[in-house]
Every structure is written in structure tokens, then in C-alpha cells.
Amino acid sequence: MAIRTLLIDSDPIYLLGLEKLLENESNITVVGSVSCLDSLETLIHIHVPDVIVINVHMHIIKALDWIKNAKETHPEINVIMLCNYLPFALSAYEEGVSAVLSKEKVSTHLAHVIRYSNEGEKLFLVDSETMYSTKHGLTNIEINILQMLADDQTSVQISEQLNISKRTVERHLSCIFEKLGVLSRTGAVAEALRLQLIK
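Sequential numbering of the sequence shown, starting at 10, is according to my numbering.
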């Protein structure tokens, strides 16, 4: 199923560039674009996007307020912020955006970031090629998977609960093992408990 993506940018020419960048991505569909935050709520109700990509040049405080409110009113939507200004990027990340991406990385990373954020990943790609996350290099979805492992759930059960494929679960597990420096599910759970990442 295609990831329904809504774009917002105050520069209509940049919007066209984003649409062009994503038009050949087989599992990403741009359902609409808007150049003003005031019109965003209307478009959300019309298009019901999975992901919103926001590039903000001005109206920074307004954008932060919208992001904060969006977590309450549209928790199912993943928001990606395109931003080069580190303090604002950090503020947006703390307010709950799924991903922050520096503008230099848009052409090479945007499609991947849309896919990852749609799977529940939280990414921070500003001034570094490293994908930072909130706890010990683990993303939220990886911590959720660790908790499910601790609750004795199988890969099939995890995939059904998270609505992702079993193959994607296995990919997450490989990343978890590498980040925690372990070789097995039991080792991952033990290390996660030691680090107090899960209960």
C-alpha cells in the first residue's frame, strides 16, 4: 500500500521540486501540497495522509505550535521536518516529529525517511550522517519490539501487532542486536532490562 504523503512549504517552486523527487517512488504517493500552515488542517481532512513533510523557512514558532497540537489531534500521522537550524530541529524533535532531515540530505534521504517514519522509526539527520534516536541508539519501534520480545512474543505476533512484515521485524532485530552488541533475542532482552529500556 502506498504511503500517502502531504507536502508543505512556503516556496511553491520548492514544493514542485519535492513532488518531482517523489513522483517515481513506487510506494509513496503525494496526495497534496500546500504553501500555508493555515490550510493544512483542511487538506488533512480531505487527503488523510500517513506522512506530512514540512519545510519551514519562516513562521518557525507557528510550525512548532502546530507540531505540538498535531501529536494530540492527529497521532496517527508521522511528521517529517526539513530543517538546517539545529536548535529548531531539536525543538521540533522534542515536540514529537517523526524525523528531522537537513535540506542537504533531502535529495538522497527523503524517500527512505518517509518509509522509515511510516514504520514508526524516529530519525534525526542534521549535521551528521548518523541516525540518532532517543535511547542508546534505539528507535521507538525497536524499543517496542524489545518489550514484545520480553513478553515472549514471536516475530509473527510482533509483525501482526505492529502491522509490518515478518521480514521487517527481522531487519529491526538485526539492528537491535548490533546496537546492543548481542547475538540473540535472549541477550537483547537481558541487555535492554539492564539498561532499563524495557520493563
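Just so it is clear, CB atoms sit at the ideal spot from N, CA and C, and this is done for glycine as well.
Relative to the C-alpha of residue i, which candidate in the options has its C-alpha closest?
i: E130; options: E151, L119 and E169; result: E151
i: V115; options: S35, L134 and E103; result: L134
i: H54; options: L171, V40 and N64; result: V40
i: V109; options: D74, L24, I63 and I12; result: I63
i: Y102; options: P58, A72 and D161; result: A72
i: P58; options: L132, P84, I22 and Y23; result: P84
i: N149; options: L132, Q162 and D161; result: L132
i: F97; options: N78, K80, D74 and E81; result: D74
i: D18; options: E81, M10 and K112; result: K112
i: E81; options: E104, I70 and Q162; result: E104
i: Y125; options: D161, I22, T177 and G190; result: T177
Quick one: grab the DSSP three-state call for residue i.
i: A201; result: helix
i: M157; result: helix
i: L105; result: Per the sequence shown, residue 105 should be read as Gly rather than Leu. Residue state, collapsed to three classes: coil.
i: D47; result: helix
i: N93; result: coil
i: E41; result: The sequence shown places Gly at residue 41, not Glu. G41: strand per DSSP, three-state reduction.
i: D59; result: coil
i: V135; result: coil
Is the beta carbon of residue j closer than 8 angstroms to that of residue i?
i: S183; j: S174; result: no
i: I12; j: I86; result: no
i: L206; j: L147; result: yes
i: V43; j: I76; result: no
i: R203; j: L158; result: no
i: V60; j: N127; result: yes
Below 7 angstroms CB to CB, which residues in the same chain sit around residue i once its five sequence neighbours on both sides are set aside?
i: F186; result: L192 and A197
i: H118; result: L110 and L134
i: L155; result: I185, A197, V198, A201, L206 and I207
i: E179; result: S164
i: T139; result: Summary for T139: the model assigns pLDDT 36, below 50, so the residue's position carries little reliability, and this model does not support an answer.
i: A79; result: I86 and V88
i: L24; result: L16, D18, S42 and S44
Leaving out five residues before and five after residue i in sequence, what residues of the same chain have Cβ atoms less than 8 angstroms from its Cβ?
i: A120; result: L30, L31, E34 and I37
i: H56; result: R13, L15, V40 and G41
i: T143; result: In this predicted model, T143 has a pLDDT of only 44, less than 50, meaning its place in the structure is not dependable enough to derive any value.
i: T51; result: none
Leaving aside the five residues before and after residue i along the sequence, list all residues of the same chain whose C-beta is less than 6 angstroms from its C-beta, in chain order.
i: L27; result: L16
Item to check | Cβ contact check for the stretch 44 to 54 and the stretch 87 to 103: 3 or more pairs under 8 angstroms | outcome: When C-beta atoms of the stretch 44 to 54 are compared with those of the stretch 87 to 103, fewer than three pairs fall below 8 angstroms, so the two segments do not count as touching.
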